[in-house]
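**Student:** Quick one: this structure, given as structure tokens, is what I'll be asking you about.
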Ligand code: ADP
Ligand code: ADP
Ligand code: ZN
Ligand code: ZN
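Residue numbers (full-length UniProt numbering): 1 to 807.
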């Protein structure tokens, strides 16, 4: 750092969220790590201040008139900020992803591949050259006309329409038909047309059955309805519709979920026969490169795709486009993502994978003098992959950029040029900068919780529990798992480890949890795409399921996608709070029921924002952002509702309390206090009750789910499945969470976690290490046993790190 003055970013008097008049300096063109326990103020500093200010400046420089809009969205509250690079790019693990996006669209690889096929593809004799758009299922020019670019179609069969062929039409053999009048109408039309509606279905002639079920004709006949319950009905003109037509038409047009679900019971989802599921029109699929069409190329793991493209060098246009594709793919394989295929949809990716995808995409841009603000880029990374990530971050910095990363992973923190430690505690107990400088100086920060964990990590405590039984899976085949055998011991704590893409999620969520779910007969309501017998189709043999009485899956999916859900509503503790308000004298006098204190129904809420407390502010260049509601100023309620006080506080005041404050306030209300206690136990005491779901990280969402499970009565024999529960947690918070999970095991339950944190694996009773690599190079059990046994294994990339953690 040559010219100290000019190469420093100076922040003065920062008051964003819980930050208390913070002054901090850090170098430009450096890798800066921001550390501290959950809720200490890391994000408030990194995203709320550095990112927000840099972006505001960037917007101002390109569009001076945007200032007003920026102010409206809230520029960071600070006395002075100098030295910040003028432009900014960032990656954020939080926030929704688009359902239709894929690895190819996020990285823009799809565009290059389409260009390649369009310009340099091999066309059939006499075929016209197609433009890039014709290779995209999302454009009218490219979409398969048969399935409209969906890749799937619904189809019906005699079996699906007539489940019981022993019945006659009058006895409702054609179960797919609508009930009530409409069904009788079709029956009477068939009778009028001369079909026998009283013979068992299977005795009707083949030709009749086909016509009744599948015809595209819609004959109109005069129906003389048969007498029913003594009522005489008038003749009318009825139009016939075959059962197939009815079902498919309903699926294509209905707005009613009930009708749709009913129709789905009689239809099968098949890959579109016209495009084979590729979503593209035939003309596009006829074009090939290196012997494969675009759908085939997009289905290859990126590392395999690169190998296929590399030799193709004869044509100048092809050479240029291929070189560009290869360079982009290399950036991805370098970050350990070579096992992904371009057609993989983003909702099936983990937050860590998605962030690294975006990071790799920016690597190829030629920007410099930019500050990148990253949220835990090591999330979801095996320690071995973290090394590769560090090389990539170094390259970004060497190109003349600044990096500010919120991190918990010691390896990343030690690698950083500069460390900003925020704390010491969460919320109002944090918000101060305890250390800003090279790592060594942290030793002098007496109050820092990070100091102890980073400079003198505690040795893991082994419990050495004995399993009470086991679930044995034989012949597991899903994604990259091929005929894999694996045992999960019961009554103990198991950590599943392995590099990214090795098959951990597939095994634990896709197979183990699915098998238990099927066995218990429970369905996963928010995941309609997953067929219920998923596990059964992917496992040859399972034993030991009967020892599990309940399944609790705690994943990182958001607890809600709008500001309407928050932790108070999700955990149910808000119901108790609303009852307390409704029971006050004032409320009883005015006849306000508990519903009055809900911001989700009309009555008590502010109607301007419909209880959201915020209105969408359309900002140029910015994705949807929210500004406080101009009428209630974020309170969510109308003035009359806010006049009701419980112990001197309005319902809006309660939503503004942190979990910790609320615990004191409701200490003598057991129903509410119990929920708050578990929220504190999972390390969320700093969150406010009304914090919208949209502002929660995946890790926070996961811990809220865990807390709401824990507050239910604890019976034993429950299987808890968690996906990297330490994401977003400081080592000090990890300790608290682990104590909680181990207590569950001591109470007779089984815990299975997917984990990269070696301190967690080292303290487990059992470790299953998958690998050895990602994608096709993974899917096998490399080692399984106690942490010490796995650490001794010769193979696998986990052993050396586990050895280190065991000390
Ligand atoms: P960290 O990143 O260290 O986990 P945060 O910066 O997210 O911590 O939070 C620090 C404090 O600021 C917490 O008390 C949190 O509840 C509060 N906070 C975070 N985001 C907001 C927000 N959008 N509005 C108000 N308070 C917030
Ligand atoms: P891990 O959890 O260890 O990172 P995953 O189980 O997510 O690994 O992935 C293992 C392999 O299965 C990878 O090759 C991945 O690309 C593939 N895979 C995972 N989920 C899906 C999916 N929904 N569709 C297709 N392939 C998948
Ligand atoms: Zn199609
Ligand atoms: Zn309002």
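Yeah, the Cβ is synthetic: ideal placement off N, Cα and C, and Gly gets one too.
1) Over the uninterrupted alpha helix (DSSP H) stretch that includes residue 644, give me the two end residues.
2) Between which two residues does the beta strand (DSSP E) holding residue 222 run?
3) What does the Cβ neighbour count give for residue 528, buried or exposed, with the cut at 16 atoms within 10 Å?
4) Compare the C-alpha of residue 52 against each of 162, 571, 75 and name the closest.
5) Give the straight-line distance between the Cα atoms of residue 397 and residue 609, rounded to the nearest whole angstrom.
6) Given this structure, state the Cα-to-Cα distance separating residue 109 from residue 603, to the nearest angstrom.
7) Does ligand 1 have a heavy atom nearer than 8 Å to the CB of residue 18?
8) Does any CB atom of chain B fall closer than 9 Å to the CB of residue 436?
9) Could you tell me which uninterrupted beta strand (DSSP E) segments, each at least 3 residues in length, are contained entirely in the region 685-747, listed from first to last along the chain?
10) Closer than 5 Å from C-beta to any heavy atom of ligand 3: which residues, in chain order?
11) What does the Cβ neighbour count give for residue 233, buried or exposed, with the cut at 16 atoms within 10 Å?
12) Any idea what DSSP makes of residue 801, helix, strand or coil?
13) Could you compute how far the alpha carbon of residue 375 sits from the alpha carbon of residue 605?
14) Is residue 45 a contact residue of ligand 1, with contact defined as CB to any heavy atom under 8 Å?
15) From residue 322 to residue 290, what distance separates their C-alpha atoms?
16) What residue range does the beta strand (DSSP E) around residue 665 cover?
17) Exposed or buried, what is residue 537 when buried is set at 16 or more other beta-carbons lying within 10 Å of its beta-carbon?
18) Helix, strand or coil for residue 548, going by three-state DSSP, please let me know.
19) So, for residue 682: in the same chain, excluding its five sequence neighbours on each side, which residues have a beta-carbon less than 7 Å away from its beta-carbon?
20) Under three-state DSSP, which class holds residue 495?
21) Identify whether residue 282 lies in helix, strand or coil by the three-state DSSP scheme.
22) With contact counted as at least three CB pairs below 8 Å, one residue from each stretch, are the region 295-312 and the region 180-194 in contact?
23) Closer than 8 Å to a non-hydrogen atom of ligand 4 - does that hold for the CB of residue 608?
24) I need the DSSP call for residue 355, collapsed to helix, strand or coil.
25) If distances are taken between C-alpha atoms only, which option among 345, 10, 651, 784 comes closest to residue 581?
26) From which residue to which residue does the beta strand (DSSP E) around residue 434 run?
27) When every heavy atom of ligand 4 is checked, does at least one fall within less than 8 Å of the C-beta of residue 640?
28) Looking at C-beta atoms only, is the number of pairs between the region 342-349 and the region 311-320 that lie closer than 8 Å three or more?
29) Short check: CB of residue 244 to CB of residue 214, under 9 Å?
30) Under 8 Å from any heavy atom of ligand 4, does the C-beta of residue 855 make it?
31) I'd like the ranges of any alpha helix (DSSP H) spanning at least 4 consecutive residues and lying wholly in the region 112-181.
32) How would you call residue 138, buried or exposed, if buried means at least 16 neighbouring beta carbons within 10 angstroms?
33) From which residue to which residue does the alpha helix (DSSP H) around residue 55 run?
34) Give a yes or no on whether the C-beta atoms belonging to residue 779 and residue 544 are separated by under 9 Å.
35) Where do the ends of the alpha helix (DSSP H) carrying residue 332 lie?
36) Near residue 123, which residues of its chain fall below 7 Å by C-beta distance, leaving aside the five closest residues on each side in sequence?
**Tutor:** Quick look at the numbers:
1) Counting along the chain, residue 644 falls outside any alpha helix (DSSP H), and DSSP gives it neither H nor E.
2) 220-223
3) Caution is warranted here: a pLDDT of 40 is assigned to residue 528, below 50, making its placement in the model unreliable, and the coordinate value is therefore given only provisionally. Exposed, because fewer than 16 other Cβ atoms sit within 10 Å of the Cβ of residue 528.
4) 75
5) Distance between the alpha carbons of residue 397 and residue 609: 43 Å.
6) 50 Å
7) yes
8) Judged by its chain identifiers, the structure shown contains no chain B, having just a single protein chain.
9) Qualifying beta strand (DSSP E) stretches, in chain order: 718-723.
10) 144, 146, 147, 272, 274, 275
11) It counts as exposed.
12) helix
13) Roughly 35 Å between the two C-alpha positions.
14) yes
15) Taking the straight line from one Cα to the other gives about 11 Å.
16) First-last for residue 665: 659-665, but that is the alpha helix (DSSP H), not the beta strand (DSSP E).
17) exposed
18) coil
19) The residues are 703, 706, 707, 737, 740.
20) strand
21) The answer is helix: DSSP assigns residue 282 an H, G or I state.
22) no
23) yes
24) helix
25) 651
26) 432-437
27) no
28) no
29) yes
30) The requested residue 855 does not occur in the structure, where the chain is confined to residues 1 to 807.
31) 158-161
32) exposed
33) 52-62
34) no
35) 316-334
36) These residues qualify, in order along the chain: 129, 287.
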